[in-house]
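Report on the structure given below.
2 protein chains.
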Amino acid sequence: MKNAAGSEERLTFRYSQRMLEMPFPSAVGHAGDAISFAEGDAYPPDMADMTASAVEALTTRRSETLQYAPRAGLPDLRRWVTDYLAKENVRVTPENVLIVNGAKHGLDLACKLFLNPGDAVIVTAPTYMTALPILRSYGPRFIQVRQDSEGLLVDEVEAELRACERNGGPFPKIIYNVFEFHNPTGVTTSEPRRARLLDLAERYNVMIVEDDPYRRIRFEGEPVPPVQALDRANRVIGLGTFAKIIAPGLRVGWVTAAPEIVRKMAVVKSDGGTCPLTQRMIVEYCRAGQLEPHIKTLVKTYEMHRDVMLEMLAKYLPEATTMRPSGGYYLWIQMPEDIDTDHLLPLAQRHGVRYLPGSRFYAAGGPRNYLRLAYSFSSVEEIQEGMRRLAAAVSKSRKAEGPGGGH
Amino acid sequence: MKNAAGSEERLTFRYSQRMLEMPFPSAVGHAGDAISFAEGDAYPPDMADMTASAVEALTTRRSETLQYAPRAGLPDLRRWVTDYLAKENVRVTPENVLIVNGAKHGLDLACKLFLNPGDAVIVTAPTYMTALPILRSYGPRFIQVRQDSEGLLVDEVEAELRACERNGGPFPKIIYNVFEFHNPTGVTTSEPRRARLLDLAERYNVMIVEDDPYRRIRFEGEPVPPVQALDRANRVIGLGTFAKIIAPGLRVGWVTAAPEIVRKMAVVKSDGGTCPLTQRMIVEYCRAGQLEPHIKTLVKTYEMHRDVMLEMLAKYLPEATTMRPSGGYYLWIQMPEDIDTDHLLPLAQRHGVRYLPGSRFYAAGGPRNYLRLAYSFSSVEEIQEGMRRLAAAVSKSRKAEGPGGGH
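Protein sequence lines correspond, in order, to chains A and B. Here the first sequence is numbered in numbering that gives the first Met the number 0, starting from 0 and rising by one per residue. Here the second sequence is numbered in numbering that gives the first Met the number 0, starting from 0 and rising by one per residue.
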């Protein structure tokens, strides 16, 4: 049968506008025995032992765990989440909780509920790189605000909102942020700033999406109350996850929001319910009292990893600067201005070390001399060797470009 | 702080257009000891024993199964899918396979890749009710085509496409269908119709989304080759799932499509990879030779369920008509014209039986005297008792409305 347009061209795929506008950055390679500081993966020797929970789930609760699950999640897990959050002063009932396939799934649902193409979204510069394609797939306009050592600059948010007000709107729809141990910078937003941001969100009817995966991975100091703990007008959509406190592979997280939002999300979730097996394994694991000792182990490991990485940074790359994060998984490294971390990456990979270039963390452009190092996945020995390799790559790159060489 | 608009109204949620246009049908209640013919749930006594696979996955492969998974899925499972599909004459390589959180997730990704608001989608009338909110969340225009005993009426599709051609386009983007044991009607589309539809899809550059969950739940007769087995121009996006052949709760399915499509889907999937634990459990279960005997058990059970339900229908509701499906999970029942199955539902629930009214299966309106009964979940005794209850509800409804009463 003849092609209707009479040409081969008709047979290229007719993608949606969102896909045509979507940047597809090249993957950071996995090849060889490269040491990886790229992804926020869990440290393999600290993987939780979930075997007993799985056996329990698959034998005494086979009908529950192998059947379609309730769209909103297992009632036992929704209740568990409310108890867990109560300790953080977030007062929610099970009707406020939706179980999802990881926090990223929750972000996708928040976008689906609120974003029309062209709606403005406020993010920090830099922001969590994986949030960007999720947001982008809804065609938003990005407003970038900066951070300092106390976190997101609420003054900049307020200036943007006031400008909208002067222009008669429309106001941004979503403020997305990791307030506790920000990804990638490690910065924690102070309580006064959280409260002020929430006031603005209420006044201008903007939703705050509070992505909070790292809260419990704290090495020192006191946690700041979640933004949602201060929320009286249901302007916060909280995103939580078991990825960083039990295991990423279980793909179970939660959304906390107004019951109306949770009900709508459950309908457009359209996935037959989040896996009841992994939900039940988590309930059993936590009920058996294994969560808190496990988190203690993780915090000890990651604190040591952080310290070793900071030490190696000082030793091998003294011209680099970073903040010393009090928790989380990452160092956000500022390199000298002549280092373009996108250009450096292939060379670093040839030297056997992987990282994520800073450019991936900006919604709309940013400096080129930053990079993110995850200290979570690699062992102490790998961190030592990986940092040596990174320094060697930097040194090689500078020699290749010659004195005063740019690009 | 005063609300910017000075009124309470500003604090209603500013949902996206897609959410404002989305119908939210009231849930079919779960209360009491009602016998459920509503959802396509698995028969609990036939739940697979996955314990050994889980123990294997969680002990010898702990680092793999508790870590983030590769976005496209575990290589072992992608390979397994290609081998499985080769037996159905679908020739794909692992690069054509994306592992997803169930077939519905695959449909969502297909919509994300292809649909702009207003793009036309072709569906059957009736079609799978859960596909509708997924499609609707992308704001499409629906074109409904009818079916007969040989399946989807390709003549109607062709007439629609020719009309587009005369008008200079745009052509529909997606044809969505369950070709084998259609949900809800049970109809299987014949091979000549599949081939003609594929020719049309190629000629007019429309993607066919072939949702194929029930293929192996066949009681009699020979399977028809999947549409994808006939595809030479990558116009088919195949959706497969382990839900109906192992267990719904595992939430693992697959998409088969051109490598370019699979790569793009993997990026916008943005979920940290589908759960590697349930993926690995499936690989181990299948490698242990447990899949084929399990499918045999399921087919025997569901065939018996179908037979009992047909027998009870003839006994208790002789005025109802249905097709005798050769496979799948459902009976699609035509009731006399004076029965509105939406009106009947609350009464049926008070009589202790649940079903889905036919109206839920139409993208844009349809007759009111149909209903779908799933024979998968309930036992033989429950099917017998449930059908008696349904007949009692119908009889009560007619008495209440009096002779000649309509609505």
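Beta carbons: idealized from backbone N, C-alpha and C, even for Gly.
- Residues Phe36, Tyr301, His304, Arg305, Val307, Met308, Tyr328, Tyr329, Leu330 and Ile382 of the same chain have their beta carbon placed closer than 8 Å to that of Tyr374/A, with the five preceding and five following residues left out of the count.
- Residue pairing by DSSP puts Ser35/A in a beta bridge opposite Arg353/A.
- Scanning Ala232/B, Leu276/B and Arg353/B for the CA closest to the CA of Arg61/B turns up Leu276/B.
- Phe36/A is outside the set of residues whose beta carbon lies under 9 Å from a beta carbon in chain B.
- Distances from the CA of Ile121/A to each of Glu157/A, Glu149/A and Gly185/A were compared; the closest alpha carbon is that of Glu157/A.
- If you draw a straight line from the Cα of Ile216/B to the Cα of Ile294/B, it comes to about 8 Å.
- Pro183/B sits buried, since 16 or more C-beta atoms from the chains shown fall within 10 Å of its C-beta.
- Ranked by Cα distance from Gly365/B, the options Glu380/B, Asp341/B and Val352/B are led by Asp341/B.
- Here Pro22/A is exposed. Its C-beta has fewer than 16 other C-beta atoms within 10 Å.
- Note that the stretch 255-265 of chain A touches the stretch 92-105 of chain A; at least 3 beta-carbon pairs, one per stretch, sit closer than 8 Å.
- For the stretch 8-23 of chain A, residues whose beta-carbon sits nearer than 9 Å to a beta-carbon of chain B comprise Arg9, Leu10, Thr11, Phe12, Arg13, Tyr14, Ser15, Gln16, Arg17, Met18, Met21 and Phe23.
- Using a 10 angstroms sphere on the CB of Thr11/A, the tally of other CB atoms stays under 16, which defines it as exposed.
- From the beta-carbon of Gly248/B, the residues of chain A found nearer than 7 Å are Thr64, Leu65, Gln66, Tyr67, Ala68, Cys274, Pro275 and Leu276.
- Between Ala119/B and Pro139/B the beta-carbon gap is near 7 Å, inside 8 Å, which marks them as a contact.
- Assigned with DSSP and collapsed to three states, Asp40/B falls in coil, not helix or strand.
- Membership of Thr129/A in any alpha helix (DSSP H) is not indicated, and neither H nor E is assigned to it by DSSP.
- Taking 9 Å as the threshold, the shortest C-beta distance from Asp118/B to chain A falls below it.
- For Ile98/A, no alpha helix (DSSP H) run applies; the uninterrupted beta strand (DSSP E) run containing it begins and ends at Val96 to Val99, by DSSP.
- Identification of residues in the stretch 130-142 of chain A having a C-beta nearer than 7 Å to some C-beta of chain B yields Pro132, Ile133 and Ser136, given in sequence order.
- Along the stretch 42-65 of chain B, going in chain order, the ones with a CB nearer than 7 Å to a CB of chain A are Pro43, Met46, Ala47, Met49, Thr50, Ala53, Val54, Leu57, Thr58, Arg61, Ser62, Thr64 and Leu65.
- The criterion of a C-beta distance shorter than 9 Å is not satisfied by Ala53/A and Val177/B.
- Taken in chain order, the members of the stretch 90-122 of chain B whose beta-carbon sits within less than 7 Å of a beta-carbon on chain A are Asn100, Gly101, Lys103, His104, Asp107, Lys111, Leu112, Phe113, Leu114 and Asn115.
- With a threshold of 16 other beta carbon atoms within 10 Å, Pro74/B falls short and is exposed.
- For Ala232/A, the residues of chain B that pass the 7 Å Cβ criterion are Leu10, in the order they occur in the chain.
- Cβ-Cβ distances below 6 Å link Thr320/A to Gln333 in the same chain, with the five nearest sequence neighbours on each side left out; the list follows chain order.
- Around the beta carbon of Ala399/B, fewer than 16 other beta carbons lie within 10 angstroms, which makes this residue exposed.
- Annotation: Met49/A to Lys86/B spans about 36 Å, alpha carbon to alpha carbon.
- Per DSSP, reduced to three states, the secondary structure at Tyr301/A is helical.
- Annotation note: the stretch 330-391 of chain A contains the following uninterrupted beta strand (DSSP E) runs of length 3 or greater, listed N- to C-terminal: 369-373.
- Counting along the chain, Met206/B sits inside the beta strand (DSSP E) bounded by residues Met206 to Asp210.
- When 7 Å is used as the limit between beta carbons, Ser269/B is near these residues of chain A: Lys103, Asp107, Thr129, Pro132 and Ile133, in chain order.
- For Gln66/A, the number of other beta carbons within 10 angstroms of its own is at least 16, and it is reported as buried.
- Under a criterion of Cβ atoms nearer than 8 Å, the residues of chain A adjacent to Asp40/B are, in order, Gln66 and Tyr67.
- Proximity to Ser377/A across Tyr354/A, Gly326/A and Ala71/A peaks at Tyr354/A, based on C-alpha coordinates.
- Assignment of Val89/A by DSSP, reduced to helix, strand and coil, places it in the coil class.
- When C-beta atoms of the stretch 198-213 of chain B are compared with those of the stretch 223-241 of chain B, three or more pairs fall below 8 Å, so the two segments count as touching.
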